[in-house]
Every structure is written in structure tokens, then in C-alpha cells.
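**Student:** This is the structure I have questions about; it appears just below.
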Amino acid sequence: MAARQKKLIAILVAVWASVAWPASAQTARRIVSLVPNVTEILFAVGAGSQVVGVSTYDDFPPETSALPRVGALLDPDTERIFSLRPDLVIVYGSQTGLEAQFTRASIRVYAYRHSGVGNVLQTIRDVARLAGRAADGDRVVRDVQSRLDAIRMRVRGRPRPRTMLVIGRDAGALRGVYVSGGIGFLHELLDIAGGDNLFGDIKRESVQPSNETMIVRAPDVIIELHAGDPPAAAAVQKERDAWNLLASVPAVRNMRVHLMYGGYLMAAGPRLGRAAEALARALHPEAF
4 MAARQKKLIA ILVAVWASVA WPASAQTARR IVSLVPNVTE ILFAVGAGSQ
54 VVGVSTYDDF PPETSALPRV GALLDPDTER IFSLRPDLVI VYGSQTGLEA
104 QFTRASIRVY AYRHSGVGNV LQTIRDVARL AGRAADGDRV VRDVQSRLDA
154 IRMRVRGRPR PRTMLVIGRD AGALRGVYVS GGIGFLHELL DIAGGDNLFG
204 DIKRESVQPS NETMIVRAPD VIIELHAGDP PAAAAVQKER DAWNLLASVP
254 AVRNMRVHLM YGGYLMAAGP RLGRAAEALA RALHPEAF
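Structure follows, in C-alpha cells:
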């Protein structure tokens, strides 16, 4: 009897699934993405024409500028999303309530979770498959992996400077400093680029160190990442000069403070190889 009940339940689940996700819906044709790096992935695998809505913060590739905006992590506009009639919505993994809302409406959801390089490559495969572009996803993954492998080989055997990777700071001052910890794709990119993460022993994606901690840990190199376009040269120099407060730190004393600008530097997507190369060029200019 128990076996018959299990079989009946399995049949009912299969029937429900076929109603909720019909075969014709397996390839998403109308995609809304609340996650900018996943939007970039969709365009990279050739599914840009299937994207019908993007987040408030999407700015790459340029084609996203013509698409409807539907809010972001903290302010998703569900009414507008529904009006776009999506058959797939990309959300952040933390947006569990939003995910449940779309699932109840029989709209497929892909929940993106921020993690390491391996997770980024898997996300490319997952999203490409959902968009009916599996072969293109595999191609993009191969290209990214090939470039990362090439960078790792280029810096192999070279001294690995103790590097502080700064991902946030108050403008013009050494306040509100956030650095990469020992988890996440930025930490892994730094490793590929031939640097040892100064805060790699702290198993968090980000760490907020005090000035005293930075002095004690004494980084050989400081790399500060900015997602926006570079400002005027005078403004860049002013930001670099803020580090003079830590004049005893080797990176400052030896003029190895690098300010880097560009959206690709902090985008967990197809431009990982470009970001890793930029880090490697800062750490090992002689290798290039």
C-alpha cells in the first residue's frame, strides 16, 4: 500500500510540474533580471534579445540602457515586473519573499547567490541553459577559464606580495575602509593574479579593519577598486594621498598603492579574466 501511495504522489507531482512548467516554457523568452552581473551574463551568452527588464543599477552592456527598470535588491517593483509578462525572473538569493511571490504565480525564478569563481562559472552555465543557450554558456565558461589559467601561469613562481584589496572607503579619507576577506570571487581573483590576500585568514567576503590593524598587518601592496569611471587625474591623486596617513606601511612607503577604476573590476561575470589581468599587471608589471 505504501508503495502505491508513493507512486501516486510521484505521478501527481509530475502532473503538477507539467502544468506549472510546460515544455514550451523550458526556454525562457521573456527574462527580467534584478542582478546586474547576471544581466551581463545573459547578453554574453547571446540572450540579450530575451531580456525585457533590468535593475535600476544595470549599465553594462550599453544595450541595457534602453530596457525598462524594475528596481533592485531593496526596492523591486513587482507590479512593473508582472506587467512585463516574464517567464523567468532573476533575483538575489536573499530575496526569498520575492522568489515565493513569483513562484506562486507560476513564474520561474533563478536565485543568484554571491560566491567564488566556481559559482560564477556555474551561474553562466545555469542562466545560459534557462535561456536555451547552453552551448554559448559553455563557450563563455571555457573562454573565462582559459584566460584565468593563462594569468595564473604568467605569474607562476614570482614572489607573492601581501596585498590588501580595498573594495570600499569614504572619499578623501581613511574612514569606512572595507577590504576583501578570505571568501569570494575577489579573493580568488587576487590569488590567481599572484597576490596573497592580507586578510585571507578572515573567512568573510569583506572586513572593516581599523587604521591600527592595517599598520600592524603592513601590506606590501594596496589595490583599491572602484566600480565607476576614473575621475580627473587631480582627484585620483587626492584619493591616493589619503593613504599617506599610513606612511609607515610598506605599500605606502614604497609607492605601491594602486587605484583602479572600471565596472569590470567588481563584476562577477564574463569579465573575470579582464579583472584578474588588471590585478596581475598591478602586482607583477614585469610579467607583462
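Numbered per our numbering, the sequence shown spans residues 4 to 291.
Idealized CB from N, CA, C, for every residue including glycine.
Do H2 and R161 have their CB atoms nearer than 7 Å?
**Tutor:** A query on residue 2 cannot be resolved here, the shown segment of the chain reaching from 4 to 291 and no further.
**Student:** Should F46 go down as buried or exposed, given a rule of 16 or more other Cβ atoms within 10 Å for buried?
**Tutor:** Buried, by the Cβ-count rule.
**Student:** What residue range does the beta strand (DSSP E) around R111 cover?
**Tutor:** It spans 111-115 - the beta strand (DSSP E) in which R111 sits, taken as one unbroken run.
**Student:** Suppose you measure from the CA of S97 to the CA of R116; what does that come to, to the nearest Å?
**Tutor:** Roughly 8 Å between the two C-alpha positions.
**Student:** Please classify G198: is it buried, with 16 or more other beta-carbons within 10 angstroms of its beta-carbon, or exposed?
**Tutor:** With 16 or more other Cβ atoms within 10 Å, it is buried.
**Student:** Enumerate in chain order the residues of its own chain whose CB-to-CB distance from K241 is below 6 Å, with the five nearest sequence positions on each side excluded.
**Tutor:** Closer than 6 Å at Cβ, skipping near neighbours: no residue.
**Student:** Which of helix, strand or coil does DSSP assign to M263?
**Tutor:** Of the three classes helix, strand and coil, the one that applies to M263 here is strand, per DSSP.
**Student:** Given a cut-off of 7 Å, decide if V147 and G276 are closer than it, judged by their beta-carbon atoms.
**Tutor:** Their beta carbons are under 7 Å apart, which means G276 touches V147 by this criterion.
**Student:** Only counting the same chain, and skipping five residues up and downstream in sequence, which positions put a Cβ closer than 7 Å to that of A279?
**Tutor:** Closer than 7 Å at Cβ, skipping near neighbours: L151, I154, L192, I195, A196.
**Student:** With DSSP collapsed to three states, give me the class of E102.
**Tutor:** If DSSP states are grouped into helix, strand and coil, E102 belongs with the helices.
**Student:** When the Cα atoms are used, what is the spatial distance from R157 to N40?
**Tutor:** Approximately 27 Å, taken between the alpha carbons.
**Student:** Leaving out five residues before and five after E102 in sequence, what residues of the same chain have Cβ atoms less than 7 Å from its Cβ?
**Tutor:** The residues are V94, V112, A114.
**Student:** What do you get for L77, buried or exposed, if any count of 16 or more other CB atoms within 10 angstroms of its CB means buried?
**Tutor:** Label assigned to L77: exposed.
**Student:** Could you give the DSSP three-state label for H287: helix, strand or coil?
**Tutor:** In the structure shown, H287 sits in coil (DSSP, three-state: anything other than H, G, I, E or B).
**Student:** Verify whether the separation of the beta carbon atoms of I225 and A254 is less than 7 Å.
**Tutor:** Yes. Within cutoff.
**Student:** Express the C-alpha separation of N257 and Y60 in angstroms, rounding to a whole number.
**Tutor:** Cα-Cα distance, rounded: 37 Å.
**Student:** Do R165 and L201 come within 7 Å of each other at the CB atom, strictly closer than that value?
**Tutor:** Against a cut-off of 7 Å, the Cβ pair of R165 and L201 comes out as a contact.
**Student:** What are the partner residues of H229, as DSSP defines its beta bridges?
**Tutor:** H229 pairs with Y264.
**Student:** Are there three or more Cβ pairs, one per stretch, closer than 8 Å when the stretch 123-130 is compared with the stretch 180-187?
**Tutor:** Verdict: no, contact absent.
**Student:** Any idea if F291 is buried or exposed, counting beta-carbon neighbours within 10 angstroms, 16 or more meaning buried?
**Tutor:** F291 comes out exposed.
**Student:** Leaving out the 5 sequence neighbours to the left and right, which residues in its chain are closer than 6 Å to G49 when beta-carbon positions are compared?
**Tutor:** Hits under 6 Å: R136, D139.
**Student:** Does A26 pass the burial test, meaning 16 or more other C-beta atoms within 10 Å, or should it be called exposed?
**Tutor:** Note on A26: pLDDT 38, under 50, position unreliable in the model; the coordinate value appears next. The residue is exposed, with fewer than 16 neighbouring Cβ atoms inside 10 Å.
**Student:** Kindly list the residues whose CB is nearer than 6 Å to the CB of Q8, restricted to its own chain and excluding five residues on each side of it in sequence; keep chain order.
**Tutor:** Residue confidence is low: Q8 scores 43 on pLDDT, short of 50, so the model does not pin down where it sits. Its coordinate-derived value is still stated next. Cβ neighbours of Q8 beyond the five flanking positions: none.
**Student:** Measure from the C-beta of E82 to each C-beta in chain B and report whether the shortest distance is under 7 Å.
**Tutor:** Among the chains in the structure shown there is no chain B, since it carries only a single protein chain.
**Student:** How would you call V219, buried or exposed, if buried means at least 16 neighbouring beta carbons within 10 angstroms?
**Tutor:** Exposed, since its Cβ has fewer than 16 Cβ neighbours within 10 Å.
**Student:** Quick check: is any heavy atom of the ligand FAD less than 6 Å from the C-beta of E242?
**Tutor:** The ligand FAD is absent from the structure shown, which contains no ligand whatsoever.
**Student:** CB V252 to CB A285, shorter than 7 Å?
**Tutor:** No, the pair does not count as a contact, with Cβ atoms beyond the cut-off.
**Student:** In the DSSP assignment, what residue or residues form a beta bridge with V210?
**Tutor:** Paired residues: V182.
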